[in-house]
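Peer 1: All residue numbers for the sequence shown refer to our numbering, where the first residue is -11 and numbers rise by one. C-beta atoms are modelled at their ideal positions from N, C-alpha and C, and glycine is treated no differently.
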Amino acid sequence: MPGAADKRTIMSTHRLTQRIHWRTRVLTEALGWQRTVPQDNRTHLDAVMAWLCRAQDATPDDGVAQTYLVKYRRWANSYPETTGYIIPTFYDYWRLTGKEDIRVRARRMTDWECEIQLPGGGVLAGALGDSDQPTIFNTGQVLFGWVRAFEEENNESYREAAVRAANWLCDVQDEDGCWRRFGSPLTSRAINLYNTRSAWGLTRVHQISGERRFLECALKNVSWALAQQDENGWLPHNCLQDDSQPFVHTIAYAMRGFLEVGAYAGRDDFLDAAIKIGDALLGALPTNGLLPGRFDSQWHPTVKWTCLTGDAQIAINWGRLFQLTGAGKYHEAVQRINRFVKTTQKLDGPADERGGIKGSHPIDGGYHPWQYPNWAAKFFADALLMEDAIAQP
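1. If you draw a straight line from the C-alpha of D352 to the C-alpha of W358, how long is it?
2. In whole angstroms, what is the alpha-carbon distance linking P274 and P48?
3. Measure from the alpha carbon of N183 to the alpha carbon of each residue in H288, G165, P289, G266, then state which is nearest.
4. Under 8 Å, with one C-beta from each stretch per pair, do the region 83 to 99 and the region 108 to 119 reach the 3-pair mark?
5. Round the Cβ separation of L247 and R324 to the nearest angstrom and send it over; I've been treating them as touching at under 8 Å.
6. Once DSSP output is grouped into helix, strand and coil, what is the label at Q6?
7. Going by DSSP, what residue range makes up the alpha helix (DSSP H) through Y252?
8. Let me make sure I understand the geometry here. Which of G344, W63, Y355, Q301 has the alpha-carbon closest to that of H32?
9. Does the beta carbon of R201 sit closer than 8 Å to a beta carbon anywhere in chain C?
10. For H349, which three-state DSSP category applies?
11. Quick one, which of M243, N220, A64 has its alpha-carbon nearest C227's?
12. What are the partner residues of V322, as DSSP defines its beta bridges?
13. In its own chain, which residues sit with a C-beta less than 7 Å from the C-beta of T331, not counting the 5 before and 5 after it?
14. Between the Cα of D230 and those of E88, H356, D284, spot the shortest distance and give me the residue it belongs to.
15. How far does the alpha helix (DSSP H) with Q413 in it reach, from first residue to last?
16. On the criterion of 16 or more Cβ atoms from any shown chain inside 10 Å, does H356 qualify as buried, or is it exposed?
17. How is the beta strand (DSSP E) around T430 delimited, first residue to last?
18. Taking DSSP as the reference, what is the three-state secondary structure of P76?
19. With a threshold of 16 other CB atoms inside 10 Å of the CB of W82, please say whether the residue is buried or exposed.
20. For W63, which three-state DSSP category applies?
21. Rounding to the nearest angstrom, what Cα-Cα distance links R342 and S66 in this structure?
22. Quick check on F283: does DSSP put it in helix, strand or coil?
23. Compute the Euclidean distance between the alpha carbons of A262 and G347, then round it to the nearest angstrom.
24. Rounded to the nearest angstrom, how far is the Cβ of E101 from that of V130, given a contact under 8 Å?
25. Relative to the C-alpha of W293, which candidate in E17, R3, W10, L4 has its C-alpha closest?
26. If I'm right that G266 touches W306 with Cβ under 8 Å, what's the distance once you round it to whole angstroms?
27. What would DSSP say about K(-5), mapped onto helix, strand or coil?
28. Could you check which residue in G314, S145, Q121 has the C-alpha nearest to that of L174?
29. For G20 and R13, what's the separation of their Cα atoms in angstroms?
30. Need the endpoints of the beta strand (DSSP E) that Q359 sits in, please.
31. Give me, in chain order, the residues of the same chain whose beta-carbon lies closer than 8 Å to that of T70; leave out the 5 immediate sequence neighbours on both sides.
32. Got a sec? Which residues, its chain only, sit under 7 Å from M437 by beta carbon, not counting five neighbours each side?
33. Could you pull out every residue in the same chain whose Cβ sits closer than 6 Å to the Cβ of A43, ignoring the five residues on either side in sequence?
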């Protein structure tokens, strides 16, 4: 039997071995070794959707695990916010493949969101267990799931849940259109300009309810956000941590809100705001598709790692700009950045990582390091679907 000193030696050796393993992985990724050879979009799409199914199966409920924690080799609890906007992706994949199991999974997610909705209509901040408080952004994102599920299933309870949530968002909105109350307790910023994506959610509820109030509050928020935008397109108050160098993730969130509310309401000024952002990021996209993960107010990159979540999101946004403007530069950009993200997706190996998308590349980058967030997978699936959609004549 090993003595106490021997056990300490074994543990020390194990920790050293782990550190060497992690450092080797970061070096391997940084140098581009062992990258995946990009395959056709359907191969990558099937892989990422299979990962999302495993993320749902990893929880004791019907939500989707927030993230896979690589160093701890475990899944986090279900995440209401992102489960909400994962629902439309599952319906899109069901429509594409006809796999009834995918539709059933989407319904299970939607029913779970109804079960955990707070009495006032809001949605909890963070993953289950992180907070007992509602927050604006999370509520706005679950609207997408409830609305799409209602459109697909014609279940009145889904529309009722969406309307309750939309009314709560309108009730707590400030007079100037900003949401200053009920920010996430898990971020360090009280004002989140990327709530334009919640405004977009309100327009989706307006589509299925006809309630004018929802559209008016959406327009009010995006008008407030537009007044904050710099002439070069950069946005203040737009990061989870450091407003001076926001993640591409939150930049893309805000841009999508401008874009979609503008398209829905016929507001060219909102679309122009989105184009400024899209063009600024396009100017920073290198030939290899590796877009830096943070930018300062002059659109200079401040880091060398890339935010894969944001990469997928901006691919979707460029795709939407191509659909709305017909400008070929956006189509080419979608292909370029999607191809890069494909090289970071494992198509074989351990099941917990296979098919998923990391928060950052290399994996120790500053956005959800050493994790596979479920929303990175969701947006990559959407980006692949977008690339296929705009390839159609």
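Peer 2: Reading off the structure:
1. Linking D352 to W358 through their CA atoms gives a straight-line distance of about 6 Å.
2. If you draw a straight line from the Cα of P274 to the Cα of P48, it comes to about 42 Å.
3. Residue G165 holds the alpha-carbon nearest to the alpha-carbon of N183 among H288, G165, P289, G266.
4. Result no; under three Cβ-Cβ pairs closer than 8 Å.
5. Distance from L247 to R324 at the Cβ level is roughly 20 Å; contact not present, criterion being Cβ atoms closer than 8 Å.
6. In the structure shown, Q6 sits in a helix (DSSP, three-state: H, G or I).
7. In the DSSP assignment, Y252 falls within the alpha helix (DSSP H) that extends over 236 to 253.
8. The residue with the shortest Cα to Cα distance from H32 is G344.
9. Given the protein chain composition of this structure (a single chain), no chain C is represented.
10. H349 carries a strand assignment under DSSP once its states are collapsed to helix, strand and coil.
11. That would be M243, whose Cα lies nearest to the Cα of C227.
12. In the DSSP output, where bridge partners are listed per residue, V322 has none listed.
13. For T331, where only same-chain residues beyond five positions count, the Cβ hits under 7 Å are R23, T24, P26.
14. Looking from the CA of D230, the closest CA among E88, H356, D284 belongs to D284.
15. Residue 413 lies beyond the range of the chain shown here (-11 to 381); nothing can be said about it.
16. Burial call: buried.
17. Residue 430 lies beyond the range of the chain shown here (-11 to 381); nothing can be said about it.
18. Three-state DSSP puts P76 in a helix.
19. Classification of W82: buried, given that the 10 Å Cβ count is 16 or more.
20. Assigned with DSSP and collapsed to three states, W63 falls in strand.
21. If you take the alpha carbons of R342 and S66, they lie about 19 Å apart.
22. Note: F283 maps to strand in three-state DSSP.
23. One C-alpha to the other measures close to 24 Å.
24. The distance from the Cβ of E101 to that of V130 is about 5 Å, consistent with a contact at the 8 Å cut-off.
25. Cα-wise, what sits closest to W293 is E17.
26. The beta carbons of G266 and W306 sit about 6 Å from each other, so the pair counts as a contact at 8 Å.
27. A caution first: K(-5) carries a pLDDT of 49, below 50, which makes its placement in the model unreliable, though a value can still be read off. Here DSSP, grouped into helix, strand and coil, assigns K(-5) to helix.
28. Ranking the options by Cα distance to L174, first place goes to Q121.
29. One C-alpha to the other measures close to 11 Å.
30. Looking at the DSSP string, the run of the beta strand (DSSP E) that includes Q359 is 359 to 361.
31. Leaving aside the five residues that flank T70 on each side, the residues in its chain whose CB is nearer than 8 Å to its CB run, in chain order, V52, Q54, Q129, P361, N362, W363, K366.
32. Residue numbering for the chain in the displayed model covers -11 to 381; residue 437 lies beyond these limits and cannot be assessed.
33. Excluding its 5 nearest sequence neighbours in each direction, A43 has C-beta neighbours in its own chain below 6 Å: V52, A53, N362, listed in chain order.
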